[in-house]
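At position 412 of the sequence shown (counting the first as 1) the number is 1319 in the working numbering, and the numbers step up by one without a gap.
The C-beta atom is built at its ideal place from N, Cα and C for all residues, glycine as well.
Since we're looking at a predicted model, the values are computed, not measured.
Below you'll find the structure, written out as structure tokens, and then a few comments.
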Amino acid sequence: MTDSIPLDATTTDIDDTTVAAPEAEAVLTAEEWWRSAVIYQIYPRSFADSDGDGIGDLPGITSRLPQLADLGIDAVWLSPFYTSPQKDAGYDVANYCDVDPLFGTLADFDAMRQAAHELELKVVVDLVPNHSSDAHRWFQEALAAAPGSPERARYMFRDGKGDDGAAPPNDWESVFGGPAWTRITEADGRPGQWYLHLFDPSQPDFDWTNPWVRERFHDILRFWLDRGVDGFRVDVAHGLVKAEGLPDWRASADAGSMGGDAGPSPYWAQDGVHEIIRGWRSVIDEYEGDRILVAEAWVEPLSKLADWVRPDEMNQAFNFPFLEVDWSAQEMKSVIDDSLAIFPGVGAPSTWVLSNHDVVRHASRLALTARNPQGAGIGPRSAGKPIPDLGIRRGRAATLLTLALPGSAYLYQGEELGLPEVIDLPDAARQDPTFFRTNGEKYGRDGCRVPIPWESAKPAYGFNTTGESWLPQPRDWADLARDVQSGVPGSTLELYRTALSERRYANLGLGRLTWLDGFGDDVLAFENNGVTVIANFGDVPVELPPGVAIIASEGLDEPALPADTTVWLRLS
Ligand code: GLC
908 MTDSIPLDAT
918 TTDIDDTTVA
928 APEAEAVLTA
938 EEWWRSAVIY
948 QIYPRSFADS
958 DGDGIGDLPG
968 ITSRLPQLAD
978 LGIDAVWLSP
988 FYTSPQKDAG
998 YDVANYCDVD
1008 PLFGTLADFD
1018 AMRQAAHELE
1028 LKVVVDLVPN
1038 HSSDAHRWFQ
1048 EALAAAPGSP
1058 ERARYMFRDG
1068 KGDDGAAPPN
1078 DWESVFGGPA
1088 WTRITEADGR
1098 PGQWYLHLFD
1108 PSQPDFDWTN
1118 PWVRERFHDI
1128 LRFWLDRGVD
1138 GFRVDVAHGL
1148 VKAEGLPDWR
1158 ASADAGSMGG
1168 DAGPSPYWAQ
1178 DGVHEIIRGW
1188 RSVIDEYEGD
1198 RILVAEAWVE
1208 PLSKLADWVR
1218 PDEMNQAFNF
1228 PFLEVDWSAQ
1238 EMKSVIDDSL
1248 AIFPGVGAPS
1258 TWVLSNHDVV
1268 RHASRLALTA
1278 RNPQGAGIGP
1288 RSAGKPIPDL
1298 GIRRGRAATL
1308 LTLALPGSAY
1318 LYQGEELGLP
1328 EVIDLPDAAR
1338 QDPTFFRTNG
1348 EKYGRDGCRV
1358 PIPWESAKPA
1368 YGFNTTGESW
1378 LPQPRDWADL
1388 ARDVQSGVPG
1398 STLELYRTAL
1408 SERRYANLGL
1418 GRLTWLDGFG
1428 DDVLAFENNG
1438 VTVIANFGDV
1448 PVELPPGVAI
1458 IASEGLDEPA
1468 LPADTTVWLR
1478 LS
């Protein structure tokens, strides 16, 4: 719920961009840690590489955890590190209960989990239930078995259309481009049935109407709960159930690739998913502690997304409508209003997210010269490009606004360094299946997945010691490395660190937002737990009320808030 009170703008006594927080003990008292937590997404292959093969790994993560604790986050979420042929960077799982040798071993996972808990960081792992890898034993057994067998019934096998079954069962298209069906060759060598893959052909969809599938996933949940995880981020949570009869359907051309506002679809956001989630909730509730389910569901509008977060279902859902907002005060206000009405209305906190491993990094996305639908990516031949200085400026302002909102916030590795999207990756280096399945028409998501820089003067900027990197790092990233920014007032790293510390100190995550009027259409102003937040989305400076700046996303050398800047104030 939000209120509006008027506030007169007069002068402000501001002399620094960052005023140190009083020594803050953890003031977060909420029993349910996730209601206000800041959860940092680790993309394991690009975080820290201990063995120098160019791909990050679990021991690498363990070695860097103290730096994350120092940043001031509450939890980490790890994208998949399970056994996988890596056709979709690990979202093609061949064994849900083991670690891929690329990333280490189960013992390495246990060590990482333990180290995180010793640093009081919760650990959330990814659950990929919509599809497995085609290399999974379950799918290999299905291929070897006959049509109509229990093994085939684990996945979505169907006969093709036409006399010879040569046409796919329907017209669905894969999220990564091309048809969503692939025909197999039966054991006798003849062309056979087709299987559904909403994503890559190497990612066959499970049939979630089959109780066998449900039981296997309960086993998988228990496996990781027994290893002490604090929750699961559920991949493609809105895709598990397909409409009866699999009717033909095409998404509109400009809908985001993962659904979004694609309208009623026979495979996104079907009602049957809720019962499945309730089954998972009951498994989780067998365990002690406060363990969570987080939905990756590209569902709009927010009122529909909120169906996924009920007391007996998911705890949170990523707020993608917030992520998809352009740099516009009024659009952002409208999503914030909806979020703060709708999520608490179903007993859940709102979440806030600006970046992840599937979208153009927000330090670039917020200043693009042309629209870029989710999943399309940006490359040298793209029509729209980011305006770099404006992008980072807006990115910092957006982050500072986001971290002042009540609820739980997600950060994506590297955003605390102000990393931009990498645009000029050579075609030969690209790895996202989207790039290949659209014949290069869509660049896909590699540009936000480049290994992150830790130490400016080290090989691969400290990502490892050999200089190898599965995606090439830009030559100009030395200036963005963590060591160059650490302790430097005004750096993006210090902006994040101070904001996280002040957020904790003022308990903003559990606070209440009250809008402040009187600043004009290009400005958002609100109060939360004694902190006044003003964000200027416009291009003219805005006069500030009297007060002391706690932190600002850009230097403030006059009693006015420059364009594309956010400030947190304590009013006098
Ligand atoms: C989710 C993941 C994405 C992956 C897809 C298929 O959207 O975030 O990276 O490609 O699911 O698993």
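Let's test the definition: count the other Cβ atoms within 10 Å of the Cβ of residue i and tell me whether it reaches 16, buried, or not, exposed.
| i | result |
| --- | --- |
| Q1223 | buried |
| S953 | buried |
| V1447 | exposed |
| H1024 | exposed |
| W1119 | exposed |
| T1341 | buried |
| K1068 | exposed |
| N1435 | buried |
| E930 | Any reading at E930 must be qualified, since the residue scores a pLDDT of 37, below 50, and its modelled position is unreliable; no value is offered. |
| R1477 | exposed |
| A1158 | buried |
| Q1281 | buried |
| A1486 | Because the chain is modelled from 908 through 1479, residue 1486 falls outside the range shown and cannot be assessed. |
| D1041 | buried |
| V1395 | exposed |
| D1464 | exposed |
| R1278 | exposed |
| L1034 | buried |
| A1290 | exposed |
| E1207 | buried |
| R1097 | exposed |
| V1474 | buried |
| Q1021 | exposed |
| T969 | buried |
| N1346 | exposed |
| L1431 | buried |
| D1428 | exposed |
Under the DSSP definition of a beta bridge, which residues are partnered with residue i?
| i | result |
| --- | --- |
| Q1177 | Paired residue(s): none; Q1177 is not in a bridge. |
| P1098 | T1092 |
| W984 | Q948, V1031 |
| Y998 | In the DSSP output, where bridge partners are listed per residue, Y998 has none listed. |
| F1139 | V1032, L1200 |
| I1127 | In the DSSP output, where bridge partners are listed per residue, I1127 has none listed. |
| S1315 | T1258 |
| P1086 | E1080 |
| R1065 | W1101 |
| F1113 | Y1062 |
| E1151 | DSSP lists no partner for E1151. |
| L1468 | V1449 |
| Y989 | V1006 |
| L1275 | P1293 |
| A1074 | K1068 |
Specify, as a first and last residue, the run of the beta strand (DSSP E) that residue i falls within.
| i | result |
| --- | --- |
| Q948 | 945-949 |
| E1434 | 1430-1435 |
| V1391 | Looking at the DSSP string, V1391 is not in any beta strand (DSSP E); the run it does join, the alpha helix (DSSP H), is 1389-1392. |
| T1439 | 1438-1443 |
Along the chain, where does the alpha helix (DSSP H) containing residue i start, and where does it finish?
| i | result |
| --- | --- |
| Q1202 | Residue identity check: residue 1202 is Ala in the sequence provided, not Gln. A1202 -> not in any alpha helix (DSSP H); beta strand (DSSP E) instead, spanning 1199-1202. |
| S1246 | 1236-1252 |
| V1405 | Residue identity check: residue 1405 is Thr in the sequence provided, not Val. Taken as a continuous stretch (DSSP letters only), the alpha helix (DSSP H) holding T1405 covers 1399-1412. |
| D1331 | That residue, D1331, is in no alpha helix (DSSP H); it is neither H nor E in DSSP. |
| I1299 | 1295-1309 |
| L1230 | 1227-1230 |
| E1025 | 1013-1025 |
| I904 | A query on residue 904 cannot be resolved here, the shown segment of the chain reaching from 908 to 1479 and no further. |
| S1210 | 1209-1212 |
| E1048 | 1044-1051 |
| P1340 | 1340-1344 |
| H1269 | 1269-1272 |
| Touch test, the region 1299-1314 against the region 1036-1047, Cβ-Cβ under 8 Å, three pairs minimum | Counting Cβ pairs under 8 Å, fewer than three are found: no touch.
| query | Which residues are close to the ligand GLC, meaning CB closer than 6 Å to any heavy atom, in chain order? | reply | Answer in sequence order: D995, Y998, V1035, F1106, D1142, V1143, M1165, E1203, H1264, D1265.
| query | Would you call the region 1212-1220 and the region 1171-1190 touching, i.e. three or more CB-CB distances under 8 Å? | reply | yes
| query | Quick one: any contact between the region 1419-1426 and the region 995-1006, if contact means 3 or more CB pairs under 8 Å? | reply | no
| query | Does the pairing of the region 998-1006 with the region 1078-1096 give three or more beta-carbon distances under 8 Å? | reply | no
| message | Tell me whether the region 1319-1328 and the region 1383-1392 touch, counting them as touching only if at least three CB pairs, one residue from each stretch, are closer than 8 Å. | response | yes
| Do three or more CB pairs link the region 1012-1029 to the region 1276-1293 at distances below 8 Å? | No, they do not touch.
| message | Count Cβ pairs between the region 1349-1363 and the region 1296-1308 that sit closer than 8 Å; are there 3 or more? | response | no
| task | State whether the region 1124-1139 contacts the region 1101-1112, with contact taken as three or more CB pairs (one from each stretch) at a distance under 8 Å. | result | no
| message | Between the region 979-992 and the region 936-946, can you find at least three pairs of beta-carbon atoms closer than 8 Å? | response | yes
| message | For the region 1402-1421 against the region 1216-1235, do three or more pairs of beta-carbon atoms, one drawn from each stretch, fall closer than 8 Å, so that the two count as touching? | response | The region 1216-1235 and the region 1402-1421 do not touch, with fewer than three beta-carbon pairs separated by less than 8 Å.
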